[in-house]
Amino acid sequence: MTAQEISDSIEAPRAIGTNVATGLNAPDRELYLAQFQPGAEVIDPIVPHYTPRVESFFSEFGAAGTLCESWPVDAVYVNTGGALTVGSCDGFYRDLPDADQYPAKPRVVRQLPIIDGLATGLMHRMDLEAASTFPVETAIAIGFPDPETVGADHAEQAATADDFINRLESAWATADPNTLASLYQDQAARHDGYAGDMQAPREIVDWYTRLFDAYPDLTLEVTEGFASGCGPAATYDLTMTTGGDTCTMRVGAVWDLDDDGLIADEYVYYDPETVLACGWAR
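Note that our numbering gives residue 131 to position 126 of the sequence shown, counting from 1, and the numbers run on in steps of one.
Put into structure tokens, the structure is as follows:
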């Protein structure tokens, strides 16, 4: 991607993310649905097998008003095919008994794959603290089937995400491409808007080799971790020396893991302003 393409890539995702949030918060069904392609689904709001169409999700959650008082977009990470938006959900438990004992503002990642200017779906992931302490009362209030299992399921999802993030940070600390590649299954795919799509293991080893050859002091620090039934997600900082100066690039990623905890698919998104600031586009 050129510098201009990267600069331009932020406009549509930010507008779509903002309108999705505004439409759900208002609630404004027409504005909300206008951001999605026909047939788009909401993937894994709480449980992985529940994938309603966006219109029914709006009717059940937006109109009820129990999910959020507001959901502001405060970051957008992009690749060539979509956006990963990050925000705080205010008042998540406001209508529930004993609401004061629960986190007031769980962090939520919303992944919005975008094709031809419209979102093809909406995926939620919740921050690790909220995921690990999700109360049954919330599941009951917002209408999930089998609410008694939701709290245990989400705690397990949070534990899986936390374990993976720890392994990810440990692998990056070695600066060894083969150690990083060992996080991926043999048939894994890495989807990266900047570096392109690649298949494990050889192409992924080659990518990490080129990266550490170019930036031998490269470090990764996870800033936020998220969990869902479809796998973990995180935002993280890549810090490197470029042109004699230290530069930090902000990145978002989501991972689909197999039963052994290895990456089956990885989707990498970049903060466009930091891509330009670190000189990765001209």
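Beta carbons: idealized from backbone N, C-alpha and C, even for Gly.
Inter-residue spacing [alpha-carbon to alpha-carbon] between residue 273 and residue 167: Against the sequence shown, residue 273 aligns to sequence position 268. Against the sequence shown, residue 167 aligns to sequence position 162. About 18 Å.
Residue burial classification, residue 54 (beta-carbon count within 10 angstroms, cutoff 16): Counting from one through the sequence shown, the residue named residue 54 turns up at place 49. Its Cβ having fewer than 16 others within 10 Å, residue 54 is exposed.
Chain-order list of residues whose beta-carbon lies under 6 Å from that of residue 125 (same chain, five-residue window excluded): Along the sequence shown, read from residue 1 onward, the residue named residue 125 stands at position 120. Same-chain partners within the cutoff: 42, 45 and 118.
Note down, in chain order, each residue of its chain lying with its Cβ closer than 6 Å to the Cβ of residue 254, except the 5 sequence neighbours on either side. Position 249 of the sequence shown, counting from 1, holds the residue named residue 254. Here the set comprises 243, 279 and 283.
Please give me, in chain order, every unbroken run of the alpha helix (DSSP H) with length at least 4 that falls completely inside the stretch 30–80. The qualifying runs are 34–38 and 59–62.
Take residue 47 and list the residues in its own chain whose beta-carbon comes closer than 8 Å to its own, dropping the five residues that flank it on each side. The residue labelled residue 47 in the question sits at position 42 within the sequence shown. Closer than 8 Å at Cβ, skipping near neighbours: 56, 57, 58, 59, 62, 126, 127, 128 and 129.
So the beta strand (DSSP E) residue 188 belongs to, where does it begin and stop? Looking up residue 188 in the sequence shown gives position 183. Neither: residue 188 is in no beta strand (DSSP E) and is coded neither H nor E.
Straight-line CA distance for residue 120 to residue 87? The residue you call residue 120 lines up with position 115 of the sequence shown. The residue you call residue 87 lines up with position 82 of the sequence shown. Cα to Cα, the separation comes out at about 7 Å.
Selection from 122, 251, 64 and 261 that minimises the alpha carbon distance to residue 195: Mapped onto the sequence shown, residue 195 falls at position 190. Minimum Cα-Cα distance from residue 195 among the listed residues 122, 251, 64 and 261 corresponds to 261.
Exposed or buried, what is residue 233 when buried is set at 16 or more other beta-carbons lying within 10 Å of its beta-carbon? Position 228 of the sequence shown, counting from 1, holds the residue named residue 233. It is buried - the Cβ of residue 233 has at least 16 other Cβ atoms within 10 Å.
In whole angstroms, what separates the C-alpha of residue 188 from that of residue 171? Start at 1 with the first residue of the sequence shown, and residue 188 comes out as number 183. Start at 1 with the first residue of the sequence shown, and residue 171 comes out as number 166. One C-alpha to the other measures close to 12 Å.
Ordered list of beta strand (DSSP E) runs contained in the stretch 209–281, each at least 3 residues: List check, beta strand (DSSP E) in window: 224–232, 238–247, 250–262 and 268–275.
Checking 8 Å against the spacing of the C-beta atoms, do residue 78 and residue 34 come in under that value? Residue 78 sits at position 73 when you count from the first residue of the sequence shown. Residue 34 sits at position 29 when you count from the first residue of the sequence shown. Result no, Cβ atoms of residue 78 and residue 34 do not sit closer than 8 Å.
Tell me residue 160's beta-bridge partners as DSSP assigns them. Residue numbering aside, residue 160 sits at position 155 when the sequence shown is read from its first letter. For residue 160, DSSP records no beta bridge to any residue.
Rounded to whole angstroms, what's the CA-CA distance from residue 265 to residue 192? Just pull it up for me. Within the sequence shown, the letter at position 260 stands for residue 265. Within the sequence shown, the letter at position 187 stands for residue 192. In this structure, the straight-line span from the alpha carbon of residue 265 to that of residue 192 is close to 13 Å.
Could you spell out where the beta strand (DSSP E) holding residue 132 opens and where it closes? Walking along the sequence shown from the start, residue 132 turns up at place 127. Segment 123–132, the beta strand (DSSP E) holding residue 132.
With burial defined as no fewer than 16 other Cβ atoms inside 10 Å of the residue's Cβ, what is the status of residue 248: buried or exposed? In the sequence shown, the residue the question calls residue 248 occupies position 243. So residue 248 ends up on the exposed side.
C-alpha gap between residue 94 and residue 173, whole angstroms: In the sequence shown, the residue the question calls residue 94 occupies position 89. In the sequence shown, the residue the question calls residue 173 occupies position 168. Their backbone Cα atoms lie some 27 Å apart in a straight line.
Strictly by DSSP, which residues pair up with residue 84? Residue mapping note: residue 84 aligns to position 79 of the sequence shown, counting from 1. Answer is 87.
Give me the Cα-Cα distance between residue 151 and residue 159, rounded to the nearest whole angstrom. Walking along the sequence shown from the start, residue 151 turns up at place 146. Walking along the sequence shown from the start, residue 159 turns up at place 154. So the two alpha carbons sit approximately 13 Å from each other.
Host beta strand (DSSP E) of residue 15 (start-end): Here residue 15 is taken as the residue at index 10 of the sequence shown, counted from 1. No beta strand (DSSP E) contains residue 15, which DSSP labels as neither H nor E.
To the nearest angstrom, how far is the alpha carbon of residue 267 from that of residue 90? The count along the sequence shown starts at 1 and reaches residue 267 at position 262. The count along the sequence shown starts at 1 and reaches residue 90 at position 85. The alpha-carbon atoms of residue 267 and residue 90 are separated by roughly 25 Å.
Do you know offhand how far residue 122's Cα is from residue 17's? For this step, residue 122 is matched to residue 117 along the sequence shown. For this step, residue 17 is matched to residue 12 along the sequence shown. CA-to-CA, the gap between residue 122 and residue 17 works out to about 7 Å.
Could you tell me the distance, in whole angstroms, from the CA atom of residue 38 to the CA atom of residue 82? On the sequence shown, residue 38 is found 33 positions in, with the first residue counted as 1. On the sequence shown, residue 82 is found 77 positions in, with the first residue counted as 1. About 22 Å.
Please classify residue 111: does DSSP put it in a helix, a strand, or coil? Indexing the sequence shown from 1 puts residue 111 at position 106. Coil.
Among 40, 12 and 52, which has the Cα closest to the Cα of residue 141? Position 136 of the sequence shown, counted from the start, is the residue given in the question as residue 141. For the residues 40, 12 and 52, the minimum Cα distance to residue 141 belongs to 52.
Local conformation of residue 172 per DSSP, three classes: Reading the sequence shown from its first residue, position 167 is the one you call residue 172. In the structure shown, residue 172 sits in a helix (DSSP, three-state: H, G or I).
Please report how far the alpha carbon of residue 214 lies from the alpha carbon of residue 222, in whole angstroms. Along the sequence shown, read from residue 1 onward, the residue named residue 214 stands at position 209. Along the sequence shown, read from residue 1 onward, the residue named residue 222 stands at position 217. Looking at the two C-alpha atoms, the distance is approximately 13 Å.
Going straight from the alpha carbon of residue 225 to that of residue 216, what length do you get? In the sequence shown, residue 225 corresponds to position 220, counting from 1. In the sequence shown, residue 216 corresponds to position 211, counting from 1. C-alpha separation (whole angstroms): 12 Å.
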